[in-house]
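J.: For the sequence shown, the UniProt record's numbering begins at 1 and goes up steadily by one. I'd like to ask you about the structure that follows.
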Amino acid sequence: MSENTVDSLDTTLNAQLTEPLKFAYWVPNVSGGLVTSTIEQRTDWGYDYNVKLARTAENNGFEYALSQIRYLASYGADHQHEATAFSLALGLATERLKVIAAVHPGLWEPAVLAKWVATADHLTKGRIAINVVSGWLKAEFTALGQPWLEHDERYRRANEFIRVLREIWTAGEGGADFAGDFYRVHGYDLKPKPVDVPGRPHPEIFQGGNSTAARRNGGTVSDWYFSNGKDYDGFTEQVEEVLGHAKTAERLAPVRFGLNAFLIARDDESEARETLREIIAKANRPAVEGFRDAVQQAGNATGDKRGMWADSSFEDLVQYNDGFRSQLIGTPEQIADRAIEYKRRGANLLLLGFLHFQEEVEYFGAKVLPIIREKEAELAAREPQPTAV
Ligand SMILES: Cc1cc2nc3c(=O)[nH]c(=O)nc-3n(C[C@H](O)[C@H](O)[C@H](O)COP(=O)(O)O)c2cc1C
């Protein structure tokens, strides 16, 4: 391993302390909101609401919007808009927001997706990204007539999927060649290539999943690793393991980390806590329990039983991405303190969900974000600066 590689990996955590924390929000493109609860949610999964929300978000400190993909009514989400189409629409309706669309290997051919992304990237002037999700909902694959691979095979396929995409987007003269167990391309010369954005070799590749196999892919092939909601130690454990894989693979470009959190910011801490209590008290029990059964196909289906939802309680699953576990719940000041601690532990981005998206994204931009920015300036002044690499 070259010294340069070691240095750049060892300074990854320090280097990101000098960069502002980034924010993404979950696009509510499926019905039922981000919590499986009968509590009132002034959030709408439709297009008009989402356009207004996207514009509000880009004016309130959000750099990214993540669209989910579900193909079937499932556990409180009865209706869903498809993620790539919806992301493109939001990209066209905004000016700066980067839109991330979730895609499943096994349902998309990577070369077709590479072509789709290149066009969408031109239409949005370089603002398209993807989130590669390996899937947990077997019924979706069955309904779509596709085989359901065993957990770690899904991740081996996702690993190839990401490598083929990157090869197609960056191939020089003669086009892309790839011969894997799942995918093959032969001299595929994509024209036009995605937009040339300084500092971005190709559209960014995010990845959802927290199992051992997901961590390996995160460290070796993805640009971004998304953690489900976690407490400090749970997040640190993942960062260390993923960076370990990056180091072993002698990876040059840094892997970046996003952490999911359901944010409940209120002027009074007791008000925020009361909202959380009410969300859980009004949980849609059959839907949460059905979800708990279905996600046994995720990390729990592996030999080491690690991964998303492997140790989630009923209360955790009311936010189906464990978003309460990050505890961004309280006053703006309290939330800012936790955000800074996650940043110190390696987070480059916080992926946020809300109860009433429109109002709460505005509140976040007005009340929470300015405190985070103040505190991160203090943090950068306090912590040792990275040495030049
Ligand atoms: C931030 C994030 C977003 C995700 N989005 C989706 C999605 O839109 N559709 C989907 O089917 N699964 C989604 N997943 C779930 C993953 O596909 C995967 O099934 C899950 O993370 C379990 O992975 P694990 O077994 O590696 O822990 C997402 C996961 C994360 C962390």
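Quick reminder that beta carbons are idealized off the backbone N, C-alpha and C, glycines included. Predicted model only: the values in this text are computed from it and were never measured.
(1) Quick one: is the Cβ of V133 within less than 6 Å of any heavy atom of ligand 1?
(2) Could you tell me whether any non-hydrogen atom of ligand 1 is closer than 6 Å to the CB of T136?
(3) Less than 7 Å between the C-beta atoms of F161 and P203, yes or no?
(4) Going by the C-beta, is Q146 closer than 6 Å to any heavy atom of ligand 1?
(5) Hey, could you find the ends of the beta strand (DSSP E) F226 is sitting in?
(6) Which word fits T170, buried or exposed, when buried means at least 16 other C-beta atoms lie within 10 angstroms of its C-beta?
(7) State the DSSP-derived secondary structure class of H122, mapped to helix, strand or coil.
(8) So that I know if they touch, is there some Cβ in chain D lying closer than 7 Å to that of H122?
(9) Can you name the residues that DSSP bridges to L259?
(10) Would the C-beta of F182 count as close to ligand 1, meaning under 6 Å from any of its heavy atoms?
(11) Could you say if the segment 339–348 and the segment 233–249 meet the contact criterion of at least three C-beta pairs nearer than 8 Å?
(12) Considering only heavy atoms of ligand 1, does any lie closer than 6 Å to the CB of S31?
(13) Would the beta-carbon of A214 be found less than 6 Å away from any heavy atom of ligand 1?
(14) Can you find the residues in the same chain that come closer than 7 Å, C-beta to C-beta, to R338, ignoring five residues on each side of it along the sequence?
(15) What's the C-alpha gap between R382 and T36?
(16) Would you say W26 and G299 are within 7 Å of each other, going by their C-beta atoms?
(17) Is there at least one non-hydrogen atom of ligand 1 closer than 6 Å to the beta-carbon of G234?
(18) With C-beta atoms as the reference, is V38 less than 7 Å away from N284?
(19) Look up E3 in the DSSP assignment and say whether it is helix, strand or coil.
(20) Let me confirm a value: F314 is counted as buried when at least 16 other C-beta atoms fall within 10 Å, else exposed. Which label applies?
(21) So for G187, helix, strand or coil by DSSP?
(22) So, is R306 buried or exposed, given that buried needs 16 or more other C-beta atoms within 10 angstroms?
(23) In three-state terms, what does DSSP make of R344?
(24) Is it the case that the segment 210–228 contacts the segment 248–264, given that we only count it when at least three CB pairs across the two stretches are under 8 Å?
(25) Could you pull the start and end residues of the alpha helix (DSSP H) that D293 belongs to?
(26) Among the candidates A24, F226, L107, whose CA atom is the shortest distance from the CA of Q146?
(27) Check this for me: beta carbons of A102 and A118, under 7 Å apart or not?
(28) Roughly how many angstroms separate the alpha carbons of D267 and G61, rounded to a whole number?
(29) List the residues that DSSP assigns as beta-bridge partners of Y25.
(30) Going by other Cβ atoms of all chains shown within 10 Å of its Cβ, with 16 needed for buried, is D78 buried or exposed?
(31) Kindly provide the ranges of any alpha helix (DSSP H) runs that are 4 or more residues long and lie completely inside the segment 89–149, ordered along the chain.
(32) Measure from the alpha carbon of A261 to the alpha carbon of each residue in V242, L349, S270, then state which is nearest.
(33) Assign V112 to buried or exposed, taking buried as 16 or more other Cβ atoms, counted over all protein chains shown, within 10 Å of its Cβ.
(34) Under 6 Å: does the beta carbon of G65 sit that close to some heavy atom of ligand 1?
(35) Under 6 Å from any heavy atom of ligand 1, does the C-beta of N159 make it?
T.: Answer, in terms of the structure:
(1) Yes - ligand 1 has a heavy atom lying nearer than 6 Å to the Cβ of V133.
(2) Contrary to the premise, residue 136 reads as Trp rather than Thr in this sequence. Yes.
(3) The answer is no: Cβ separation not under 7 Å.
(4) No; taking the cut-off as 6 Å, the Cβ of Q146 has no heavy atom of ligand 1 nearer than that.
(5) Note, F226: beta strand (DSSP E), 224–227.
(6) Around the beta carbon of T170, fewer than 16 other beta carbons sit within 10 angstroms, so the residue counts as exposed.
(7) Helix at H122.
(8) This model lacks chain D altogether, as it is built from one protein chain only.
(9) Looking at the DSSP output, L259 sits in a beta bridge with S227, L350.
(10) Because no heavy atom of ligand 1 lies under 6 Å away, the Cβ of F182 does not count as near it: no.
(11) Yes, they touch.
(12) Distance from the C-beta of S31 to the nearest heavy atom of ligand 1 is not below 6 Å.
(13) Ligand 1 approaches A214 closely enough that one of its heavy atoms is under 6 Å from the residue's Cβ.
(14) Here the set comprises Q327, L328.
(15) Cα-Cα distance, rounded: 41 Å.
(16) In this structure, W26 keeps its C-beta atom at 7 Å or more from the C-beta atom of G299.
(17) No, ligand 1 has no heavy atom inside 6 Å of this Cβ.
(18) Strictly speaking, residue 38 in this sequence is Thr, with Val absent from that position. It is a contact, given that the beta carbons lie within the stated cut-off.
(19) Reliability fails at E3, whose pLDDT of 36 lies under 50, so the model's placement of it is uncertain and the value that follows must be treated cautiously. Three-state result, E3: helix.
(20) So F314 ends up on the exposed side.
(21) In the structure shown, G187 sits in a strand (DSSP, three-state: E or B).
(22) Per the 10 Å Cβ criterion, buried.
(23) Three-state DSSP puts R344 in a helix.
(24) With a cut-off of 8 Å, the segment 210–228 and the segment 248–264 count as touching, because enough Cβ pairs lie within range.
(25) From DSSP, the alpha helix (DSSP H) with D293 extends over 285–294.
(26) When only C-alpha atoms are compared, the closest one is L107.
(27) Not closer than 7 Å, so no.
(28) Each residue's Cα considered, the two are about 20 Å apart.
(29) Here Y25 is bridged, per DSSP, to A65, L352.
(30) Classification for D78: exposed.
(31) Look at the segment 89–149 and you find these whole runs of alpha helix (DSSP H), each 4 residues long or longer: 110–123, 138–143.
(32) Measuring from the Cα of A261, the nearest candidate turns out to be L349.
(33) Exposed, since its Cβ has fewer than 16 Cβ neighbours within 10 Å.
(34) According to the sequence shown, residue 65 is Ala rather than Gly. No, Cβ of A65 sits at least 6 Å from all heavy atoms of ligand 1.
(35) No.
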